[in-house]
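Just so it is clear: in the sequence shown, position 68 is 68 by the UniProt record's numbering, and no numbers are missing.
Quick reminder that beta carbons are idealized off the backbone N, C-alpha and C, glycines included.
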Amino acid sequence: MPMKQLIVRPLRHGGYNAVVEAMRLFTDKRTPKTPDEIWLIEHDPVYTLGQAGKLEHILNPGAIPIVKTDRGGQVTYHGPGQLVVYPLFNLRRLELGVRELVTLLEQTVIGLLARYNIHAEAKKEAPGVYVNSAKIAAIGLRIRHGYCYHGLAFNIAMDLSPFLGINPCGFSQLNITQLSDLGGPSDLNVVANAFIEQLQLTLASFKENLSLKKQPARNECNN
């Protein structure tokens, strides 16, 4: 996806409900010609419960609000110091399926962490990105009419204690980590810019690999 076809909305603070409503409105009104966008958001503290989420995984919310939402996945926490990336993509135009989009987001974070000499990995059975089995990025998406919204939450420099009030992503023993604790930068603007750069690189490589896979087999028989 050339940069000219992608509108990147600069990092800003945003209340969760207002941002989700704006994403839904954007998705409902867009046409096949609407450029894709990425929204970079830092949310106020909130627990969000996805479509597969169970209230039993919210252990001690305290004063943090709980919002039921239409993304995939279970329960997670958003708050200051976390970079939330919302890719508002036309998947048909990009020729990406849902699993491919998840992989694209995971590989972007993995590539970004590699810039800071941090080894990370994805887990097929539990989408997201992990460093030494501790989760550093969570993914929850919604696809409607071939368009995606919601996205990825990347822990940068935040108070991680609210994660103790839930079973993150439905796992009771899941450890959580963040970029600043691993020796990476703590400035969200720096990381946001690096993320967009890495996304472009990852998507270019991703599309090239997909193109190679779709090439018809050569007929080596000369009859």
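Does the Cβ of residue i have 16 or more other Cβ atoms within 10 Å, making it buried, or fewer, making it exposed?
i: L179; result: buried
i: N155; result: buried
i: E121; result: exposed
i: H145; result: exposed
i: V190; result: exposed
i: T202; result: buried
i: G183; result: exposed
i: Y116; result: exposed
i: A18; result: exposed
Which residues in the same chain have their Cβ closer than 8 Å to the Cβ of residue i, if we skip the five residues on either side of it in sequence?
i: P35; result: Q5, L6 and I7
i: R9; result: E37, I38, W39 and L40
i: I110; result: A120, E121, A122 and V129
i: Q215; result: Reliability fails at Q215, whose pLDDT of 49 lies under 50, so the model's placement of it is uncertain and the value that follows must be treated cautiously. Here the set comprises nothing.
i: N219; result: Caution is warranted here: a pLDDT of 43 is assigned to N219, below 50, making its placement in the model unreliable, and no coordinate value can be reported.
i: F26; result: E37, L88 and Y149
i: residue 224; result: What is shown of the chain runs 1 to 223, which leaves residue 224 out entirely.
Going by DSSP in three states, residue i sits in which element: helix, strand or coil?
i: R99; result: helix
i: D181; result: helix
i: K33; result: coil
i: R93; result: helix
i: I143; result: strand
i: I41; result: strand
i: K68; result: strand
i: K135; result: strand
i: Q74; result: coil
i: residue 279; result: Residue coverage of the chain in this structure runs from 1 to 223, which leaves residue 279 outside it and unanswerable.
i: L174; result: coil
Please go through the same chain and pick out, in chain order, the residues whose beta-carbon is closer than 7 Å to the beta-carbon of residue i, but skip the five residues on each side of it.
i: G62; result: G165
i: A192; result: L11, L40 and L83
Determine the closest residue to residue i out of the options, with distance taken between C-alpha atoms.
i: A22; options: R99, H150 and N193; result: H150
i: H13; options: L188, I64 and I118; result: L188
i: T76; options: S172, Q198 and E208; result: S172
i: L91; options: K33, N17 and A126; result: K33
i: P45; options: P185, V20, D159 and E197; result: D159
i: N132; options: Q198, T27, S186 and N175; result: N175
i: A134; options: L88, Y16 and D181; result: D181
i: Q107; options: K68, G72 and F195; result: F195
i: E56; options: K207, L199, N167 and S186; result: N167
May I ask whether a heavy atom of the ligand FAD can be found less than 7 Å away from the beta carbon of residue i?
i: E56; result: The ligand FAD is not among the ligands present in this structure, which contains no ligands whatsoever.
Assuming residue i and residue j make a contact with CB atoms under 8 Å, what is their CB distance in whole Å?
i: C148; j: L101; result: 6 Å
i: S186; j: A157; result: 4 Å
If you drop the 5 nearest sequence neighbours on each side, which residues of the same chain put their C-beta closer than 6 Å to that of residue i?
i: C221; result: Low confidence applies here, because C221 scores a pLDDT of 39, under 50, leaving its location unreliable; read the following figure in that light. Nothing listed; no residue qualifies.
i: I136; result: V129, N155 and T177
i: P87; result: I38 and G151
i: R142; result: D70, R71, Y149 and H150
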